[in-house]
Amino acid sequence: MRRLMKSQWHDLRDQLLKLDDGAEPERIFSTLVAGFRKYRAQFSSKPFSHRRFAQYFSMKAADYPVAQSGMRNDAFRHFKTRIGQYEVRTDLDSIVVILHDAIEQLLVVHVEQGCPVCGQSDACMYKTVGTGQLVLECQDCFHVQGCAGEPYDQSRITYARNDDISALDPVATSARTGDAVAAIRPQAAPGRTARIRVDFGDMLEYNLVVLSRRDEETDSCGAPVSFYRGMPVAIFDEDTDEQGNVDDLIADGHAEPVTVPPRWCPDATWLCRIDKNGIRRPLAMPPA
Numbered sequence: 124m125r126r127l128m129k130s131q132w133h134d135l136r137d138q139l140l141k142l143d144d145g146a147e148p149e150r151i152f153s154t155l156v157a158g159f160r161k162y163r164a165q166f167s168s169k170p171f172s173h174r175r176f177a178q179y180f181s182m183k184a185a186d187y188p189v190a191q192s193g194m195r196n197d198a199f200r201h202f203k204t205r206i207g208q209y210e211v212r213t214d215l216d217s218i219v220v221i222l223h224d225a226i227e228q229l230l231v232v233h234v235e236q237g238c239p240v241c242g243q244s245d246a247c248m249y250k251t252v253g254t255g256q257l258v259l260e261c262q263d264c265f266h267v268q269g270c271a272g273e274p275y276d277q278s279r280i281t282y283a284r285n286d287d288i289s290a291l292d293p294v295a296t297s298a299r300t301g302d303a304v305a306a307i308r309p310q311a312a313p314g315r316t317a318r319i320r321v322d323f324g325d326m327l328e329y330n331l332v333v334l335s336r337r338d339e340e341t342d343s344c345g346a347p348v349s350f351y352r353g354m355p356v357a358i359f360d361e362d363t364d365e366q367g368n369v370d371d372l373i374a375d376g377h378a379e380p381v382t383v384p385p386r387w388c389p390d391a392t393w394l395c396r397i398d399k400n401g402i403r404r405p406l407a408m409p410p411a
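Numbering follows my numbering, in which position 273 of the sequence shown is assigned residue number 396; successive positions increment by one, without gaps.
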């Protein structure tokens with residue numbers, strides 16, 4: 124067994140601390156995986172082997188839904204603050220947990236879906252090794268079921284890749300997975316990004332928009348939209364026409380639930396994190 128040494132931990136930790144708070148999830152993921160590969164023997168040994176860290180050595184961000192991860196800005200800043208406090212001699216078990224939790228947050232799609240067992244609404248999407256079934260695991264009681272509510276095949280679960288998720292039937296599963304629109308209601312074309320009209324004045328900072336003050340909105344076409352973490356969203360200015368023409372697009376982003384409500388919008392429940400391309404076009408000031 125090769126135990127992780129202080130210098131090796133400091134090397135990986137320092138590479139992560141050097142990243143900007145606004146670093147893209149793909150960059151964070153690549154930095155983590157590069158460190159795991161560099162110290163392959165250590166991350167293949169106990170206590171890391173209990174969490175199967177070796178499976179991450181060959182992973183590439185482009186193959187998984189890393190780009191949709193909520194590990195950015197405030198979440199990444201909090202992660203860096205925590206790892207800066209840990210030392211191998213006294214906190215090795217905590218290092219294992221925080222690195223595992225970080226890589227999970229980068230790899231896994233979170234879905235706002237009520238659990239039939241405990242009633243909580245935070246689930247993670249995985250794939251089974253046995254049949255390739257896409258399943259949701261409750262993050263409170265760990266109940267597992269198929270994305271369409273069907274029984275779980277009972278085989279070991281692993282990370283779902285982008286091509287697995289893209290094959291999900293949006294009509295058959297949307298009512299249960301929060302996959303944008305309930306199947307029993309009018310819905311946008313399958314695979315279409317939700318187009319949300321917002322008051323541009325509700326932008327909290329350059330890359331953050333108040334998306335909703337409740338758990339559901341109506342998009343520019345009048346279709347109900349149930350949000351889930353990482354859901355791709357197209358933001359339109361509220362002053363544009365009802366059709367949401369493409370030239371009225373403000374930005375593209377991803378939805379994330381509010382954990383600590385901003386003091387200037389205490390009733391916000393969902394925010395949209397603007398993608399790295401930023402605002403699409405400057406908005407004209409209204410006439411005086």
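Ideal placement from N, C-alpha and C gives every residue a C-beta, glycine not left out. The structure displayed is predicted, hence computed values, not measured ones.
Setting aside the 5 residues that flank it on each side, isoleucine 288 is surrounded in the same chain by Pro188, Val232, Met248 and Leu257, each with a C-beta closer than 8 Å to its C-beta; the list follows chain order.
Excluding sequence positions up to five before and after alanine 198, its CB lies within less than 8 Å of the CB of Gln228, all in the same chain and listed in chain order. For the 8 Å CB-CB criterion, phenylalanine 166 and alanine 177 form a contact.
Around threonine 254, the same chain offers Asp276 and Ser278 as residues with beta carbons nearer than 8 Å, after the five sequence neighbours per side are excluded.
Going by DSSP, valine 267 is part of the beta strand (DSSP E) stretching over 267-269. Between glutamate 235 and alanine 190, the CB-CB gap reaches or exceeds 8 Å. For leucine 127, the number of other beta carbons within 10 angstroms of its own is at least 16, and it is reported as buried. Taking the CA atoms as reference points, serine 168 sits about 22 Å from leucine 230. In the structure shown, valine 189 falls within a helical segment according to DSSP collapsed to helix, strand and coil.
Rounded to the nearest angstrom, the Cβ distance from valine 333 to alanine 391 is 5 Å, consistent with a contact under 8 Å. For aspartate 245, the uninterrupted beta strand (DSSP E) segment begins and ends at 245-251. Within the same chain, Cβ atoms closer than 6 Å to the Cβ of tyrosine 162 are found at Gln131, the five residues on either side in sequence being excluded.
DSSP places leucine 334 inside the beta strand (DSSP E), whose first and last residues are 331-335. Take the alpha-carbon of cysteine 388 and the one of glutamate 147: they are about 26 Å apart. Annotation for arginine 163: the continuous alpha helix (DSSP H) segment containing it runs 163-166. In the DSSP annotation of this structure, valine 383 is not part of any beta strand (DSSP E), being labelled neither H nor E.
Annotation for cysteine 238: Ser244, Ala246, Cys261, Asp263, Cys264 and His266 place their beta carbon closer than 8 Å to its own, counting only its chain and skipping 5 residues before and after. Between arginine 205 and isoleucine 226, the C-beta gap is not smaller than 8 Å, which leaves the two residues out of contact. Closest option to arginine 125, judged by alpha-carbon separation, among Ala164, Pro384 and Phe359: Ala164.
Classified as exposed, cysteine 241 has fewer than 16 neighbouring CB atoms from the shown chains inside 10 Å of its CB. In the three-state reduction of the DSSP assignment, glutamate 147 falls in the coil class, being assigned neither a helical nor a strand state.
The DSSP-derived three-state label of valine 232 is coil. In terms of Cβ geometry, methionine 354 and alanine 378 form a close pair [threshold 8 Å].
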